[in-house]
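Presented below is the structure to which this report refers.
2 protein chains.
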Amino acid sequence: MNGTVIGLVPDRPASATQDRILDAAEALFMEHGFEATSLRAITAAASVNLAAVNYHFGSKEELFEAVLRRRLDPMNQRRVALLDQLEREGGGTAPACERILAALFLPALELARDRRVGGANFLRLLGRAYADPAPFIRKFLSAQYATMIARFKAAFARALPHLPAKELSWRLHFIMGALSYTLAGTDALKLIAELNPRETTNDAVLLERLAPFLLAGLKAPLPDLDEVAGGIERARPRASRRGAGSD
Amino acid sequence: MNGTVIGLVPDRPASATQDRILDAAEALFMEHGFEATSLRAITAAASVNLAAVNYHFGSKEELFEAVLRRRLDPMNQRRVALLDQLEREGGGTAPACERILAALFLPALELARDRRVGGANFLRLLGRAYADPAPFIRKFLSAQYATMIARFKAAFARALPHLPAKELSWRLHFIMGALSYTLAGTDALKLIAELNPRETTNDAVLLERLAPFLLAGLKAPLPDLDEVAGGIERARPRASRRGAGSD
DNA sequence: GTCTATACCACGATAGAC
DNA sequence: GTCTATCGTGGTATAGAC
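Protein chains in written order, with the numbering used here: chain A, 1414 to 1660; chain B, 1414 to 1660.
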């Protein structure tokens, strides 16, 4: 019973209290967000004393980090492991973009499908955390992702040698943003797009639609910044800029 | 309340108190987020009494909605107006995707550039609101966006007649997500991608990079769900799945 | 109508008893 | 390790002043 629920070889149970707090906190954070979740609600759900959180984790913020870390660490390790495998299999040749993107998406997909674990809703919590202005969250996430993203950026750079490094940085940024945001999307937001809630709740379907969309953007030829931006300038002429038009 | 309810042309100041509260609240919400901003901080910054917020707006939540509405209403009206103009100019022919996307982006760009108004940081507040689980925010935003999105969806459908309606819904969802998320992105997040903070602070540059990226995804040929998803399936075989199919 | 002072309960955090 | 008591601060409601 005390085998804990962690995905990665929980060599020590860490104490049943800690695990009960983590489980309760994860569920409540997912449902209401960080700020809107009270320690009193968490400790009540976990059937522990109010002071237990501060004793075991130090603060509400550190509890939040522990909740994220418990799922995030294994997921990002799996991403890097998949990328390693891809590069090993390919020998000297660079893996295709499709495969690299799959290595980025697959672990998120596995997490979304795993109902034993927090499951799909955890990704929504994660996506929300990305947009949070709280300094402690931003520091934590950038530290968590830094090395993983650097590895994938290098892999994409080899797969897309014609793409300038800066443009690749932008596109990777957009990809991570779209991935996180789409996973974090609320039902209300999905209804705006007139999507079937049954489908949009299925993160597997969602990722399988998102991946080709992002892949097209990633492989797109370098824009001369006149295609859309030009349209913008034309629509409202400001300052000095050339029309470059097909009008 | 005062006579000026609607967001159009505030013919009357609505009371200096209300405006001072709105300005102070907007600045603090942008900096710290909704939950982390206290009414006491807002009323102190606005030099009004604590109870003034509840008197003029009813609650902290309604104040937040008022803050969003003040910028959002004009922006979305401008979007629809640009789309109207586009369709009028084209006569019977459907406007190109580039133009439609520009009509969607331009008003956000104008808002980002306008320093008199809240400016760029407002878009970050807005992007964050999208990912917020609070029911009142979700209801508010879906109501605000419903009609605007429906108009753009119809326009895109005419520009992309080969694209099934459902696929278009997905792609529009991704576009709105990427737009909001990218605008809401924190500095820490951008640093992950090794981007120059000076550039990423410039929302104009950002949108001009994002638009071509999203345009490529929007115009991408229908995926047979074997390109990336296939990579996913191969990596973790699942139940059998049929081929192309869109509707 | 508009604004102020103030009271109320829930929150996060912590010191100290057990 | 765990619990109780308590402190400062949060959103909210209202009575009464202008």
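All C-beta atoms, glycine included, are put in the ideal place defined by N, C-alpha and C. Predicted, not measured: the structure shown is a model, and the values here were computed from it.
For the candidate residues the options, whose alpha-carbon lies nearest to that of residue i?
i	options	result
A1458(A)	A1465(A), I1434(A) and L1539(A)	I1434(A)
P1625(A)	V1618(B), P1634(B), L1623(B) and R1622(B)	P1634(B)
R1483(A)	L1536(A), T1595(A) and L1623(A)	L1536(A)
G1505(A)	P1636(A), K1579(A) and A1568(A)	A1568(A)
P1548(B)	E1478(B), E1500(B) and L1538(B)	E1478(B)
W1583(A)	I1550(B), A1559(B), E1621(B) and W1583(B)	E1621(B)
L1576(A)	E1502(A), A1454(A), E1511(A) and P1636(A)	P1636(A)
A1559(B)	A1578(B), E1511(B) and Q1490(B)	Q1490(B)
P1546(A)	D1497(B), A1563(B) and L1538(B)	L1538(B)
Take residue i and list the residues in its own chain whose beta-carbon comes closer than 7 Å to its own, dropping the five residues that flank it on each side.
i	result
L1517(B)	R1492 and F1565
N1534(A)	M1443
R1541(A)	G1446 and A1597
A1465(B)	T1430, I1434 and T1456
L1452(B)	L1463, V1466 and K1473
L1441(B)	T1450, A1454, I1455 and A1458
G1471(A)	none
L1554(B)	A1542 and Y1543
E1511(B)	L1628
Beta-carbon separation of residue i and residue j under 8 Å?
i	j	result
A1438(A)	L1476(A)	yes
L1581(A)	L1573(A)	yes
T1430(B)	V1480(B)	no
L1623(A)	Q1557(A)	no
L1619(B)	T1595(B)	yes
M1488(A)	P1520(A)	yes
A1544(A)	A1544(B)	yes
P1448(A)	E1448(B)	Inspection of the sequence shows that residue 1448(A) is occupied by Glu rather than by Pro. Cβ distance < 8 Å, so E1448(A) and E1448(B) count as in contact.
R1571(A)	A1507(A)	yes
A1629(B)	A1578(A)	no
For residue i, I'd like the list of residues in its chain whose CB is within less than 8 Å of its CB, leaving aside the five on either flank, ordered along the chain.
i	result
L1627(B)	L1514, F1587, I1588, A1591 and L1592
Note down, in chain order, each residue of its chain lying with its Cβ closer than 6 Å to the Cβ of residue i, except the 5 sequence neighbours on either side.
i	result
H1469(B)	Q1431
I1379(A)	No answer is possible for residue 1379(A): the residues shown for chain A start at 1414 and end at 1660.
Could you tell me which whole alpha helix (DSSP H) segments of length 4 or greater appear in the stretch 1446–1498 of chain B? 1452–1459 and 1464–1469
Whole runs of the alpha helix (DSSP H) within the stretch 1508–1570 of chain A, excluding any shorter than 4 residues: 1510–1526 and 1533–1543
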